[in-house]
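K.L.:
Once you've had a glance at the structure underneath, I'll fire off some questions.
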Amino acid sequence: MSDLTGPETLRGQKPRLLQQVHDAIRQLHYSRRTEEAYVHWIKRFIFWSGKRHPVSLGEAEVSAFLSHLAVERNVAAATQNQALASLLFLYKQVMGIDLPWLDTMVRAKRPIRLPVVLSPGEVAALFAQLDGIHGLMAGLLYGCGLRLMECLRLRVKDVDFAYRQILVREGKGEKDRVTMLPERLVQLLHVQLGAAKRLHAIDLREGYGEVHLPYALARKYSRAGYEWGWQYVFPSRSRSTDPDDGVIRRHHLDESVLARALKEAARDAGIVKRVSAHVLRHSFATHLLQGGYDIRTVQELLGHSDVSTTMIYTHVLNKGGRGVRSPLDAYAPVTRDRAEQPQVHYGAAHLALVV
């Protein structure tokens with residue numbers, strides 16, 4: 001894609017367009033997932049348009065690309081909106097081009113979906129199938145309301161045993177928050193931290209032991225990455241090369257580790273609902289509201305910026321149609337002799353009720 005290289009500057013050539021995208025995202029401290037998603041959709045748009053530079057493309061091409069995603073690729077509304085947000089970022093933040101028509105493009109309407117929530121009995125059945133590190137991680141999701149990546153990125157220093165609380169750093173929207181530490185998880189966390197500390201000691205002894213630090217902390221505090229407090233609570237079983245700087249480090253566990261464990265546990269527990277890490281967070285919020293806690297408290301624990309997001313969990317409290325008694329349960333059935341009882345016959349074309 002040589003046509004995506006910018007014009008020469010006093011220092012030589014500008015970075016390639018996609019590198020400029022990476023740089024702009026990191027300057028704004030967007031999450032790694034956002035960076036991956038934006039780069040993915042920008043690359044898709046460029047390849048779809050025949051590898052032409054975006055500066056030569058306009059409203060017709062952007063609209064056609066979004067229509068292609070919706071009609072031919074049949075993507076969800078959220079996916080289509082993510083692609084649009086990626087192109088908005090490309091033109092505004094990277095290329096510095098203000099395109100009014102891009103701002104006014106109508107975003108796909110996202111369907112309103114109620115969250116999947118486990119009953120307390122289903123939660124108990126699920127946890128009966130989980131143990132060890134999988135049980136601890138699932139316990140943090142359901143017991144503290146953590147998102148999966150918040151759990152995986154948890155640092156040793158952010159677990160406060162004295163106050164029985166967990167400090168969630170850089171949650172969604174770059175917000176910090178505090179949530180409770182369930183008493184049931186205290187001993188399990190001590191065991192996990194002991195295992196993590198032994199791994200850290202091995203890394204230090206073998207000349208490694210530095211963990212990834214956010215932003216420029218590694219430059220400001222050159223030895224901070226080696227300190228115990230900065231290590232991950234759930235370190236990976238092996239060291240790997242950091243793609244950002246090429247340094248060999250021990251990262252946190254991959255998110256697929258818990259996803260597989262939850263899927264197997266749900267199957268073994270006989271739970272037919274789709275069980276994921278986020279379903280445990282949904283269940284945390286719903287069960288707190290059912291327990292009588294006010295919605296503002298639950299909002300704070302979840303880290304929602306808008307209470308309307310939290311209100312989706314009140315669907316279990318507002319019975320709606322479920323509070324209406326069915327007419328089938330309202331009438332008194334007539335007692336008959338067994339010989340006179342209705343019999344159901346299955347015909348070839350229909351179901352016939354014959355008395």
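The numbering of the sequence shown is my numbering, which starts it at 1 and goes up by one.
Ideal Cβ positions, reconstructed from N, Cα and C, are used throughout, including at glycine.
Nothing here was measured: the structure is a model prediction, and the numbers come from that model.
1) Does DSSP put His251 in a helix, a strand or coil?
2) Pick from Pro120, Leu136, Val156 and Asp242: whose alpha carbon is nearest that of Val257?
3) Please decide whether Asp98 counts as near chain E, where near means a Cβ-Cβ distance under 9 Å.
4) Would you tell me roughly how many angstroms separate the C-alpha atoms of Val117 and Ala196, rounded to the nearest one?
5) Pull up the distance between the alpha-carbon of Gln20 and that of Gln93, whole angstroms please.
6) Give me whichever residues DSSP pairs with Met311 in a beta bridge.
7) Can you name the residues that DSSP bridges to Ile166?
8) Among the candidates Arg16, Glu122, Asp203 and Leu69, whose CA atom is the shortest distance from the CA of Ala265?
9) Measure the C-alpha to C-alpha separation of Leu172 and Val55 and round it to an integer number of angstroms.
10) Taking the C-alpha atoms as reference points, what is the distance between Gly303 and Lys175?
11) Out of curiosity, what's the CA-to-CA distance linking Asp294 and Gln165?
12) Based on the DSSP output, what are the partners of Pro235 in its beta bridges?
13) What would DSSP say about Ser63, mapped onto helix, strand or coil?
14) Tell me which residues share the same chain as Tyr361 and place their Cβ nearer than 6 Å to its Cβ, disregarding the 5 neighbours each side in the sequence.
15) So, helix, strand or coil for Tyr26, using DSSP?
16) So, helix, strand or coil for Leu351, using DSSP?
17) If you follow the alpha helix (DSSP H) that Glu206 is in, where does it begin and where does it stop?
18) Would the stretch 136-155 and the stretch 237-255 be scored as touching if the rule is three or more Cβ pairs under 8 Å?
19) Which value, in whole angstroms, describes the spacing of the CA atoms of Leu262 and Arg205?
20) Where does Arg44 sit, in a helix, a strand or coil, going by DSSP?
21) To the nearest angstrom, report how far apart Val186 and Gly139 are at their CA atoms.
22) Nearest by alpha-carbon distance to Trp48: which of Ser67, Ser31, Arg32 and Glu36 is it?
23) Using 10 angstroms around the beta-carbon of Glu72, count the other beta-carbons present and answer buried if the total reaches 16, otherwise exposed.
24) Suppose contacts are defined by Cβ-Cβ distances below 9 Å. Is Leu189 in contact with Val233 by that definition?
25) Can you check which of these residues, Gln192, Ser326, Gly58 and Val62, is closest to Asp131 by C-alpha distance?
26) Under the three-state reduction of DSSP, which class applies to Arg223: helix, strand or coil?
27) Quick one, which of Ala83, Pro182 and Val178 has its alpha-carbon nearest Ala64's?
28) In this structure, does DSSP put Ser326 in helix, strand or coil?
29) Are there 16 or more other CB atoms within 10 angstroms of the CB of Leu301, so buried, or fewer, so exposed?
30) Please list, in chain order, all residues of the same chain as Pro243 whose beta carbon is under 6 Å from its beta carbon, the five residues on each side excluded.
31) Is Ser56 helix, strand or coil by DSSP?
32) As a quick exercise: from Tyr142, Arg147, Leu18 and Arg274, pick the residue whose alpha carbon is nearest that of Arg44.
33) Among Arg267, Ala78, Glu59 and Thr34, which has the Cα closest to the Cα of Trp101?
P.N.:
This is what the structure gives:
1) Numbered from its first residue, the sequence shown carries residue 251 at position 251. If DSSP states are grouped into helix, strand and coil, His251 belongs with coil.
2) Residue mapping note: residue 257 aligns to position 257 of the sequence shown, counting from 1. Among Pro120, Leu136, Val156 and Asp242, the Cα nearest to that of Val257 belongs to Leu136.
3) No chain E is part of this structure, which consists of one protein chain only.
4) Along the sequence shown, one-based indexing puts residue 117 at 117. Along the sequence shown, one-based indexing puts residue 196 at 196. C-alpha separation (whole angstroms): 32 Å.
5) Counting from one through the sequence shown, the residue named residue 20 turns up at place 20. Counting from one through the sequence shown, the residue named residue 93 turns up at place 93. Near 10 Å, if we compare the C-alpha coordinates of Gln93 and Gln20.
6) Indexing the sequence shown from 1 puts residue 311 at position 311. None, per the DSSP bridge assignment.
7) Counting from one through the sequence shown, the residue named residue 166 turns up at place 166. Ile166 is bridged to Val159 and Thr179.
8) Taking the first residue of the sequence shown as position 1, residue 265 is located at position 265. Selected option, being the one with the closest Cα: Glu122.
9) Translated into the one-based positions of the sequence shown, residue 172 becomes position 172. Translated into the one-based positions of the sequence shown, residue 55 becomes position 55. The identity of residue 172 in the sequence shown is Lys, whereas the question assumes Leu. Their backbone Cα atoms lie some 32 Å apart in a straight line.
10) The count along the sequence shown starts at 1 and reaches residue 303 at position 303. The count along the sequence shown starts at 1 and reaches residue 175 at position 175. C-alpha separation (whole angstroms): 8 Å.
11) Residue mapping note: residue 294 aligns to position 294 of the sequence shown, counting from 1. Residue mapping note: residue 165 aligns to position 165 of the sequence shown, counting from 1. Whole-angstrom Cα-Cα distance: 19 Å.
12) Position 235 of the sequence shown, counting from 1, holds the residue named residue 235. Pro235 is bridged to His252.
13) By 1-based counting over the sequence shown, the position of residue 63 is 63. Note: Ser63 maps to helix in three-state DSSP.
14) Missing from the structure shown is residue 361; the chain here goes from 1 to 355 and no further.
15) Counted from its first residue, the sequence shown places residue 26 at position 26. In the sequence on display, residue 26 carries Arg and not Tyr. It is helical.
16) Translated into positions along the sequence shown, residue 351 becomes position 351. Unreliable placement is indicated for Leu351, whose pLDDT of 44 sits below 50; the coordinate value is still reported in the next sentence. Residue state, collapsed to three classes: strand.
17) Position 206 of the sequence shown, counted from the start, is the residue given in the question as residue 206. Glu206 -> no alpha helix (DSSP H), and no H or E assigned at all.
18) yes
19) For the purposes of this step, residue 262 is taken as residue 262 along the sequence shown, with counting starting at 1. For the purposes of this step, residue 205 is taken as residue 205 along the sequence shown, with counting starting at 1. Each residue's Cα considered, the two are about 35 Å apart.
20) Residue numbering aside, residue 44 sits at position 44 when the sequence shown is read from its first letter. Helix at Arg44.
21) Taking the sequence shown and counting its residues from 1, the one referred to as residue 186 is at position 186. Taking the sequence shown and counting its residues from 1, the one referred to as residue 139 is at position 139. Roughly 11 Å separates the two Cα atoms.
22) What you label residue 48 is simply residue 48 of the sequence shown in a count that begins at 1. When only C-alpha atoms are compared, the closest one is Ser67.
23) Here residue 72 corresponds to residue number 72 of the sequence shown, with the count starting at 1. The residue is exposed, with fewer than 16 neighbouring Cβ atoms inside 10 Å.
24) The count along the sequence shown starts at 1 and reaches residue 189 at position 189. The count along the sequence shown starts at 1 and reaches residue 233 at position 233. Cβ distance < 9 Å, so Leu189 and Val233 count as in contact.
25) Counting from 1 along the sequence shown, the entry for residue 131 is found at position 131. The residue with the shortest Cα to Cα distance from Asp131 is Gln192.
26) On the sequence shown, position 223 is the one that residue 223 refers to. The answer is coil: DSSP assigns Arg223 none of H, G, I, E or B.
27) The sequence position of residue 64 within the sequence shown is 64, counting from 1. When each option's Cα is compared against that of Ala64, the closest is Ala83.
28) Locating residue 326 in the sequence shown gives position 326, counting from the first residue. Residue state, collapsed to three classes: coil.
29) For the purposes of this step, residue 301 is taken as residue 301 along the sequence shown, with counting starting at 1. Looking at its Cβ environment, which holds 16 or more other Cβ atoms inside 10 Å, Leu301 is buried.
30) Within the sequence shown, residue 243 is the residue found at index 243, counting from 1. Excluding sequence neighbours, Pro243 sits near nothing in its chain.
31) Here residue 56 refers to the residue found at position 56 when the sequence shown is read from its first residue. It is helical.
32) Walking along the sequence shown from the start, residue 44 turns up at place 44. The option with the nearest alpha carbon to Arg44 is Leu18.
33) Looking up residue 101 in the sequence shown gives position 101. It is Glu59 whose Cα lies nearest to the Cα of Trp101.
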